[in-house]
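S.K.:
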Amino acid sequence: MTHPPCYYLTLRTIACLITHIDLVFNDAHFINNAQIHNVAPIGPGIEKLLENAMPDAFHDSLTRYPPPKCHLGTRKEYIKQITDWALGESEYKEPVLWMRGPFGVGKTAVAQSSAEDLKSINKLLATLFFSRSSTDRDDPRRVIPSLVYQITTLCKQFAAIIDARIREDPALTTKSLATQFEELLVAPLRRLGASARSDLEGRVIIIDGLDECRGIPEQCEIIRIIATSAQDSTTPFRWFITSRPEDPIIRTMKSASVSSFVHGIELPVSRSIDHEILLFLVDEFTKIREGHGLSDSWPSEEVLNLLVDHGAGLWIYISTIVRFIKDENSLGPEDQLQIVLKFIGSVSNKVEPNNPLQEMDFFYTLILQRIPSKILEVVRRIVFLHLLAYPVLGIVIVLGLSEEQLRRYCVFIQSVMELRGSSGKLFTPEFSRDDLQLHFYYASFIDYLTSLQRSGDMCIRGEFLIRWQKEVLEWLHSVYAHTTESSHFVFPPGTTLPKEMASGEHYTLVVRIFWKLFAQPDHQIDVLTAASIAKLPFKKMLRLIPEGEYTFIPSLDAELLGKNLPNEFRDKIIRREKCPTSGCMATEPVWILGYGDNEVVVTTDDDVGLDDGGLEFKNNENLPVGECPCGARIRGVEIAD
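1 is the number of the first residue of the sequence shown in UniProt numbering; add one for each residue after it.
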């Protein structure tokens with residue numbers, strides 16, 4: 001069974017283990033800088049815990065390096081508020097501190113700087129920096145294992161308890177959030193000795209970007225679990241949470257069962273930080289001048305003031321502009337700055353007064369508009385597949401790219417993302433595709449690209465997605481018209497197979513991406529396209545998948561596809577009903593593709609490590625005697641050995 005890439009213990013995980021060993025080499029002596037309880041025995045239970053954690057989301061992860069943090073001399077009052085609260089020296093005593101603010105105001109930078117300051121005074125316990133633009137940093141099922149693992153690195157006694165408990169019940173790391181919290185955190189803490197528990201007392205757990213955790217119900221459940229723990233005093237920690245002011249999070253934080261344990265801090269878009277933004281710009285332009293041998297008078301004071309004014313208190317806007325000016329694949333910083341100034345002049349009359357959020361979208365559009373159309377199409381496909389949780393290896397295979405081509409495409413949007421190796425370094429030839437990651441600096445860029453209202457023609461929904469859907473649909477029709485056996489595929493002209501990939505493997509991957517493209521939320525399929533899908537020879541679709549190959553489609557995707565179809569085509573393309581196979585003993589409805597002579601039952605697989613199970617697209621014609629294509633048994637027929 002092939003699992004998503006997050007299931008594998010990668011070099012990133014090993015690197016993260018290394019970062020948690022806090023040693024200094026000094027005259028050939030080892031000096032331990034952490035607390036007395038810091039060494040965790042790495043037993044099978046701890047290894048299992050780490051496999052189900054998100055080490056890429058830790059504050060000191062190499063994958064996040066260099067992390068966003070407050071520029072020297074900025075946000076001092078907020079960092080002091082957080083530190084005073086952590087030390088018990090603040091006027092507010094609630095165990096949960098919640099910082100809220102719109103995207104781009106620097107919440108993550110404040111959280112990162114606070115984490116580093118708290119670690120330096122031994123008040124930091126664990127961190128989790130969510131990112132929905134990274135598939136390794138948005139999974140709610142991995143929240144508790146991630147926090148618990150970090151505690152094991154600080155407390156040897158706690159680690160021993162956890163190691164033994166998970167060896168007793170390895171499935172603990174896959175249970176509900178509430179069960180994980182009780183079994184992996186609350187219960188083990190009760191078993192700690194007085195000295196170990198005292199050392200953990202009052203330490204801070206930082207959860208940044210809660211709104212970027214996958215699933216609104218899960219976001220709210222995390223808040224309620226923490227508040228219940230605070231009410232019942234089952235954990236001795238302080239919790240610092242940051243998020244956008246999303247309605248579900250606000251309602252949960254202000255609910256009767258939660259609000260009395262939470263103190264809120266607002267981090268607004270404010271012109272009061274103009275002096276901090278100016279300080280940042282002066283420092284950044286100094287580095288650019290020194291790196292390119294430019295005049296000390298560049299840029300002028302007038303230009304700096306203009307940038308500060310248009311930043312209007314939004315850090316993300318200013319930092320993106322700086323990255324754009326520093327683009328090494330441009331004609332140079334002077335030329336890039338002129339583009340920015342021309343852009344500012346052109347949008348001044350298009351945005352509402354003091355609305356840098358709207359101007360940020362215009363700037364994203366500027367970045368994309370400068371990309372040649374053919375390259376932009378591929379760039380958007382790269383982003384789209386990334387959002388479908390495809391690893392870099394999967395992206396290059398689906399798009400038929402080489403590593404060098406992938407690097408060249410990504411260069412065009414390096415103002416908002418980077419392609420980096422698992423060690424945290426930027427892409428260099430010695431890294432293989434298995435080691436690479438797409439890292440987007442801001443979730444707001446992903447929000448922009450997925451919102452038709454905000455990005456218009458640049459959106460990765462709408463017309464872009466429709467073009468891709470039709471392209472893949474036409475490709476499949478061509479294959480079915482010219483191919484009779486899986487031993488000899490006839491692909492349309494221009495088809496590029498990745499190096500060393502067999503034709504059958506490539507076909508199977510295209511079948512998977514076909515279903516993924518049509519199972520997109522809020523993306524209705526028009527009647528003509530639905531009619532074309534209904535004409536696909538579904539029996540042949542499965543029969544051509546080579547023996548041993550398969551592709552997995554989650555049940556949720558299958559249901560979503562059905563909802564996207566016009567009513568008159570739903571039952572003709574995909575439906576769930578009683579298995580039509582004579583004698584089938586399946587008690588639950590099964591998935592069926594096509595209708596009439598083209599009808600085919602799809603194998604259902606509930607044992608795939610996912611909550612909802614799904615469909616296995618594989619050749620299910622030559623099955624053992626007594627086995628139904630849906631995966632059930634045939635009544636009265638013995639299954640052959």
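For every residue, glycine included, the Cβ atom is placed at its ideal position computed from N, Cα and C.
Go ahead and pull the three-state DSSP assignment for residue 283.
M.R.: Helix at residue 283.
S.K.: Work out the CA separation of residue 230 and residue 190 for me, nearest whole Å.
M.R.: If you take the alpha carbons of residue 190 and residue 230, they lie about 15 Å apart.
S.K.: Taking only the alpha-carbon atoms, compute the straight-line gap between residue 61 and residue 450 and give it to the nearest angstrom.
M.R.: If you take the alpha carbons of residue 61 and residue 450, they lie about 28 Å apart.
S.K.: Fully enclosed by the segment 442-515, which alpha helix (DSSP H) runs are 4 residues long or longer?
M.R.: The qualifying runs are 443-450, 452-455 and 462-482.
S.K.: What would DSSP say about residue 298, mapped onto helix, strand or coil?
M.R.: It is coil, neither helix nor strand.
S.K.: Which whole-angstrom value is the C-beta distance of residue 83 and residue 118, which I expect to be below 8 Å?
M.R.: That pair is a contact at about 7 Å.
S.K.: Which ranges does the alpha helix (DSSP H) cover as unbroken runs of at least 4 residues, wholly within the segment 538-572, from first to last along the chain?
M.R.: For the segment 538-572, whole alpha helix (DSSP H) runs of length 4 or above, ordered along the chain, are 538-543 and 555-564.
S.K.: Touch check for the segment 313-323 and the segment 103-115: three-plus C-beta pairs under 8 Å?
M.R.: Contact between the segment 313-323 and the segment 103-115 is present, because at least three Cβ pairs lie under 8 Å.
S.K.: Evaluate residue 131 with the Cβ neighbour count: other Cβ atoms within 10 Å of its Cβ, from every protein chain shown; 16 or more gives buried, anything less gives exposed.
M.R.: The residue is buried, with at least 16 neighbouring Cβ atoms inside 10 Å.
S.K.: Measure the C-alpha to C-alpha separation of residue 16 and residue 565 and round it to an integer number of angstroms.
M.R.: Model confidence at residue 16 stands at a pLDDT of 39, short of 50, so the residue's coordinates are unreliable; what they give is reported in the following sentence. Their Cα atoms are separated by approximately 45 Å.
S.K.: By a C-beta neighbour count over all protein chains shown, 10 Å radius and 16 as the cutoff for buried, is residue 642 buried or exposed?
M.R.: Not covered by the structure: residue 642. The range shown for the chain is 1 to 641.
S.K.: Which residues bound the beta strand (DSSP E) around residue 97?
M.R.: Looking at the DSSP string, the run of the beta strand (DSSP E) that includes residue 97 is 96-100.
S.K.: With distances taken between CB atoms, is the gap from residue 129 to residue 247 smaller than 8 Å?
M.R.: It is not a contact, given that the beta carbons lie outside the stated cut-off.
S.K.: Can you round the beta-carbon distance between residue 116 and residue 69 to whole angstroms, since I take them to be within the 8 Å contact cut?
M.R.: Between residue 69 and residue 116 the Cβ distance is about 7 Å, and since that is below 8 Å, they are a contact.
S.K.: Quick one: what does DSSP say residue 137 is sitting in, helix, strand or coil?
M.R.: Looking at residue 137 - three-state DSSP - the assignment turns out to be coil, as it is neither helix nor strand.
S.K.: Nearest CA to the CA of residue 148: which residue from 384, 63, 55 and 107?
M.R.: When each option's Cα is compared against that of residue 148, the closest is 55.
S.K.: What do you reckon, are the CB atoms on residue 163 and residue 264 nearer than 8 Å?
M.R.: No, the pair does not count as a contact, with Cβ atoms beyond the cut-off.
S.K.: Kindly indicate which three-state DSSP category residue 410 falls into: helix, strand or coil?
M.R.: Helix at residue 410.
S.K.: Note down the Cα distance separating residue 204 from residue 174, rounded to an integer number of angstroms.
M.R.: If you take the alpha carbons of residue 204 and residue 174, they lie about 25 Å apart.
S.K.: With DSSP collapsed to three states, give me the class of residue 200.
M.R.: Correct three-state label for residue 200: helix.
S.K.: Note the first and the last residue of the continuous beta strand (DSSP E) segment covering residue 238.
M.R.: Segment 238-243, the beta strand (DSSP E) holding residue 238.
S.K.: Looking at the unbroken beta strand (DSSP E) that takes in residue 150, where does it start and where does it end?
M.R.: Looking at the DSSP string, residue 150 is not in any beta strand (DSSP E); the run it does join, the alpha helix (DSSP H), is 143-152.
S.K.: Does the beta-carbon of residue 63 have 16 or more other beta-carbons within 10 angstroms, so that it is buried, or is it exposed?
M.R.: When all chains shown are included, residue 63 counts as buried.
S.K.: Since residue 157 is in the beta strand (DSSP E), which residue starts that stretch and which ends it?
M.R.: From DSSP, residue 157 is part of no beta strand (DSSP E) but of the alpha helix (DSSP H) over 156-168.
S.K.: Who are the Cβ neighbours of residue 607 in its own chain at under 6 Å, not counting the five residues just before and after it?
M.R.: In this predicted model, residue 607 has a pLDDT of only 48, less than 50, meaning its place in the structure is not dependable; the value taken from the coordinates is given anyway. Closer than 6 Å at Cβ, skipping near neighbours: no residue.
S.K.: Could you tell me which uninterrupted alpha helix (DSSP H) segments, each at least 4 residues in length, are contained entirely in the segment 45-121, listed from first to last along the chain?
M.R.: Counting only runs of 4 or more, we get 76-86 and 107-120.
S.K.: With H, G and I counted as helix, E and B as strand and the rest as coil, what does DSSP make of residue 438?
M.R.: Here residue 438 sits in strand by DSSP.
S.K.: Output needed for residue 570: all residues of its chain with C-beta closer than 8 Å, excluding positions within five of it in sequence on either side, in chain order.
M.R.: Within the same chain, residue 570 has close Cβ partners 562.
S.K.: Which residue wins for smallest C-alpha separation from residue 624, given the options 634, 615 and 59?
M.R.: Answer by Cα proximity: 634.
S.K.: Pick from 626, 326 and 536: whose alpha carbon is nearest that of residue 597?
M.R.: Of the listed residues, the one whose Cα sits closest to residue 597 is 536.
S.K.: According to the neighbour-count rule (16 or more other Cβ atoms, all chains shown, within 10 Å of its Cβ), is residue 297 buried or exposed?
M.R.: Looking at its Cβ environment, which holds fewer than 16 other Cβ atoms inside 10 Å, residue 297 is exposed.
S.K.: Between the segment 476-495 and the segment 539-547, do three or more beta carbon pairs fall short of 8 Å?
M.R.: In short, these stretches touch, since the Cβ pair count reaches three.
S.K.: Three Cβ pairs or more, each shorter than 8 Å: is that satisfied between the segment 242-259 and the segment 292-306?
M.R.: Contact fails: fewer than three Cβ-Cβ distances are below 8 Å.
S.K.: Rounded to whole angstroms, what is the Cα-Cα separation between residue 93 and residue 81?
M.R.: One C-alpha to the other measures close to 12 Å.
S.K.: Based on the DSSP secondary-structure assignment, which residues constitute the bridge partners of residue 417?
M.R.: BP columns for residue 417 point to 440.
S.K.: Based on the DSSP secondary-structure assignment, which residues constitute the bridge partners of residue 587?
M.R.: Answer is none; residue 587 lacks a bridge partner.
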